[in-house]
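Colleague: Numbering (our numbering), first residue to last: 798 to 1229. Supplied in structure tokens, the structure appears directly below.
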Amino acid sequence: MLSTTQIIFFILFLPCTLLSIKEDSEFIEIENDRHFKDVDAKKLDLEFPEELNLIIGVKEDIQFTYRGHLHSHLELIFDFDHNILNVTPTRLVLNPGNDSTSKLSVVGLSLSSRTFIDLKDCFLTNGTRRIGKCPFNQEDVFVRLVVARSSIISVLVIVTGWIYFSAWSISFYPQIILNWQRKSVIGLNFDFLLLNIIGFFCYTIYNLLLYFDPIVQDIYIARHGNRSLIPVLLNDVIFSGQALFACLITAFQCFIYERGTQRISYTCRIWASILLGFSSLSLLLALFSFFNWLDFINYLSYVKMAVTLSKYFPQAILNFKRKSTIGWSIGNVLLDATGGTMDILQMILQAKNTADWSAFVGNPVKFGLGFVSIIFDVLFIIQHYVLYPHKESDTYDQVSNPVTPVPATLSVVGLNADLEREDDNTQLVVSD
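Take a look at the structure:
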């Protein structure tokens, strides 16, 4: 007979199984259905850079090339924000022939995190008058530009991005190595691990669908406009996938290595059931077309947020009860703190470089979650180095996982009860 722990881990994979059933979905009931066909068929004969980063006051060229044969002149007339950009000339003429090319010169006049050069008009001409329509959808022709203050800051933005990506990516493995070296998982809180698996499972599904699924991408573009960038990059997909893999490896270690009296707490089981139930219900509602797949993955992102707000409490409380951090890898904490710090530093550098602080005001959730993570990392560092310093030869006290508090509003009701002092000679045991 399966234990409750095994059942919870089994249920975790149910949404993934059900999701594969709906792979060939024809459900897209949005007002602008024709827009999808335009986006899907957006293979223009006109080639140009879709994005360009400028340094204020520095001139850059933008080349437009018509791939194919032009039987007559093709005239392009551009529009832009004259307070931000100086573009010359404002109209280009591509000559008849194969692979005709022409260039614009653009200079940034003021800082901007996002501005556009639009194709205002487009037509075929014989040199004196119009003789034909634009051979492509001119609404699909625009260049997205960023006007930055400094190339040095731009480089620092890239460097900090790689640092936090690397730090977060490898932060899961010190715990795996420590468990392997000790052949024990005593000291690692199982509530923290289970919540981490749920969170990264939802985050991985979110990234995979938004990055690879054309249906989800089309819905996103229809909702936010064809100028909106898909907010998931390949490194997001890689990070979430390998993070989930590392968490599953750690979970496997919990089954094969010594774990003492540690179990998943009843409070965490209830909280995990709520999160999984919400995710599964959202999946069923999407399967039966009560809402679309973009809404579904957005709900999964809310689950990830809830996990981030709640997952650190069990480990911090376990360390407090044991008066020890033995078994809990400080390498994980230091790398996570490095990643979180670099992430926020990158946001600050980007905002400073483009004079746009909307990332903090317009997306407080991202900043807030990163800040919460750093606060707990600081707490773990204080516990490890100040409150409960230890030597490698110290013994490992076995204390079962404490009850996990329910997050979000992060009700502290019951927390005092959870933290009631136990007799030092008594081991807490929660049966499966």
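Beta carbons are placed, not taken as given, at the ideal position from N, Cα and C, and that holds for glycine. Bear in mind that the values here come from a model prediction, so they are computed numbers and not experimental data.
#1: Between the C-alpha atoms of leucine 1082 and threonine 1001, what's the straight-line distance to the nearest angstrom?
#2: Between the Cα of phenylalanine 1110 and the Cα atoms of Gln935, Asp1092, Ser1062 and Gly1128, which residue gives the shortest distance?
#3: So, helix, strand or coil for glutamate 936, using DSSP?
#4: Taking DSSP as the reference, what is the three-state secondary structure of alanine 945?
#5: Starting from the N-terminal side, write out each stretch of the alpha helix (DSSP H) that is 4 residues or longer and does not extend beyond the segment 956 to 985.
#6: Do you know offhand how far proline 886's Cα is from serine 1025's?
#7: Which of helix, strand or coil does DSSP assign to tyrosine 1054?
#8: Nearest by alpha-carbon distance to cysteine 1044: which of Trp965, Phe1085, Trp1090 and Ile1071 is it?
#9: Considering only C-alpha positions, which residue in the set Asp842, Gly1167, Ser1077 and Leu1041 is nearest to asparagine 934?
#10: Check for me: the beta strand (DSSP E) holding isoleucine 852 runs from which residue to which?
#11: When you compare the CB positions of glycine 984 and isoleucine 1179, do they come within less than 8 Å of one another, or not?
#12: By how many angstroms is the C-alpha of arginine 927 removed from the C-alpha of methionine 1144?
#13: May I ask you to report which of helix, strand or coil DSSP gives asparagine 883?
#14: Whose C-beta lies closer than 8 Å to the C-beta of leucine 1132 among residues of the same chain, with five residues either side of it excluded?
#15: Taking DSSP as the reference, what is the three-state secondary structure of glutamine 1059?
#16: Please report how far the alpha carbon of tyrosine 1096 lies from the alpha carbon of serine 951, in whole angstroms.
#17: Mind listing, in chain order, the continuous alpha helix (DSSP H) runs of no fewer than 4 residues lying wholly within the segment 1114 to 1143?
#18: List the whole-angstrom C-beta distance separating serine 897 from leucine 867, where the pair is believed to meet the contact cut-off of C-beta under 8 Å.
#19: I'd like to know whether the C-beta atoms of asparagine 986 and glutamine 1112 end up nearer to each other than 8 Å.
#20: Could you give the first and the last residue of the continuous alpha helix (DSSP H) run that contains isoleucine 1027?
#21: Which residues does DSSP pair with histidine 1187 in a beta bridge?
#22: Which residue comes first and which comes last in the alpha helix (DSSP H) that contains glycine 996?
#23: Return the CA-CA distance between isoleucine 1067 and leucine 1073, expressed in angstroms with no decimal places.
#24: May I ask you to list the residues that DSSP assigns as paired with glutamine 860?
#25: Quick check: leucine 916 and alanine 1152, are their CB atoms within less than 8 Å of each other?
#26: Would you check if there are 3 or more beta carbon pairs closer than 8 Å linking the segment 876 to 895 to the segment 858 to 867?
#27: Within a Cβ cutoff of 6 Å, which residues of the same chain sit near glycine 1136, ignoring the five residues on either side of it in sequence?
#28: Confirm, please, whether the CB-CB distance from serine 902 to lysine 856 is below 8 Å.
#29: Report the option in Glu936, Leu1176 and Asn1089 whose CA atom is closest to the CA atom of isoleucine 1114.
#30: Out of Asn1116, Leu849 and Pro932, which has the shortest C-alpha to C-alpha gap to valine 1183?
#31: In angstroms, rounded to a whole number, what distance separates the CA positions of phenylalanine 1157 and phenylalanine 1164?
#32: Sort out for me which residues DSSP pairs aspartate 922 with in a bridge.
#33: Just the Cα atoms here: how many angstroms apart are isoleucine 859 and glutamate 848?
#34: Spatial neighbours of alanine 838 within its chain, please: CB distance less than 8 Å, with the 5 preceding and 5 following residues excluded, ordered by chain position.
#35: Quick check: threonine 912 and leucine 873, are their CB atoms within less than 8 Å of each other?
#36: Compute the distance between the beta-carbons of isoleucine 973 and isoleucine 1046, then report whether it is under 8 Å.
Modeller: Quick look at the numbers:
#1: Using only the alpha carbons, I get a separation of about 20 Å.
#2: Comparing Cα positions, the closest option is Ser1062.
#3: Glutamate 936: helix per DSSP, three-state reduction.
#4: Secondary structure at alanine 945: strand, using DSSP grouped into helix, strand and coil.
#5: You should have 970 to 979.
#6: The straight-line gap from Cα to Cα measures roughly 27 Å.
#7: Tyrosine 1054: coil per DSSP, three-state reduction.
#8: Cysteine 1044 has its Cα closest to that of Trp965, out of Trp965, Phe1085, Trp1090 and Ile1071.
#9: For asparagine 934, the nearest C-alpha among the options comes from Asp842.
#10: Residues 848 to 852.
#11: For the 8 Å CB-CB criterion, glycine 984 and isoleucine 1179 do not form a contact.
#12: Cα atoms of methionine 1144 and arginine 927: separation of roughly 48 Å, rounded to the nearest angstrom.
#13: Collapsing the DSSP output to three states places asparagine 883 in a strand.
#14: Cβ neighbours of leucine 1132 beyond the five flanking positions: Ala964, Trp965, Ile967, Ser968 and Pro971.
#15: If DSSP states are grouped into helix, strand and coil, glutamine 1059 belongs with coil.
#16: Taken atom to atom, the span from the alpha-carbon of tyrosine 1096 to that of serine 951 is near 33 Å.
#17: Complete alpha helix (DSSP H) runs here, min 4: none at all.
#18: With a Cβ gap of about 6 Å, serine 897 and leucine 867 count as contacting.
#19: Note that the C-beta distance between asparagine 986 and glutamine 1112 is below 8 Å.
#20: First-last for isoleucine 1027: undefined, no H or E at that position.
#21: Assignment of beta-bridge partners to histidine 1187 by DSSP yields no partner.
#22: In this chain, the alpha helix (DSSP H) harbouring glycine 996 covers 987 to 1009.
#23: Cα atoms of isoleucine 1067 and leucine 1073: separation of roughly 10 Å, rounded to the nearest angstrom.
#24: For glutamine 860, which the question treats as bridged, DSSP gives the partners Lys900.
#25: Result no, Cβ atoms of leucine 916 and alanine 1152 do not sit closer than 8 Å.
#26: Contact between the segment 876 to 895 and the segment 858 to 867 is present, with at least three C-beta pairs closer than 8 Å.
#27: If we look at glycine 1136 and ignore the five residues flanking it on each side, its Cβ neighbours are Tyr961, Ala964 and Trp965.
#28: Annotated as proximal: lysine 856 and serine 902, with beta-carbon spacing under 8 Å.
#29: Ranking the options by Cα distance to isoleucine 1114, first place goes to Leu1176.
#30: Selected option, being the one with the closest Cα: Asn1116.
#31: Our two residues, phenylalanine 1157 and phenylalanine 1164, have alpha carbons roughly 6 Å apart in a direct line.
#32: Residue identity differs from the one stated: residue 922 is threonine in this sequence, not aspartate. Threonine 922 pairs with His870 and Arg927.
#33: Isoleucine 859 and glutamate 848: Cα-Cα distance of roughly 10 Å.
#34: Since pLDDT at alanine 838 reaches only 33, below the 50 mark, its modelled position is unreliable, and the value read off the structure follows with that caveat. So no residue of the chain qualifies.
#35: Not closer than 8 Å, so no.
#36: With contacts defined by Cβ atoms closer than 8 Å, isoleucine 973 and isoleucine 1046 form a contacting pair.
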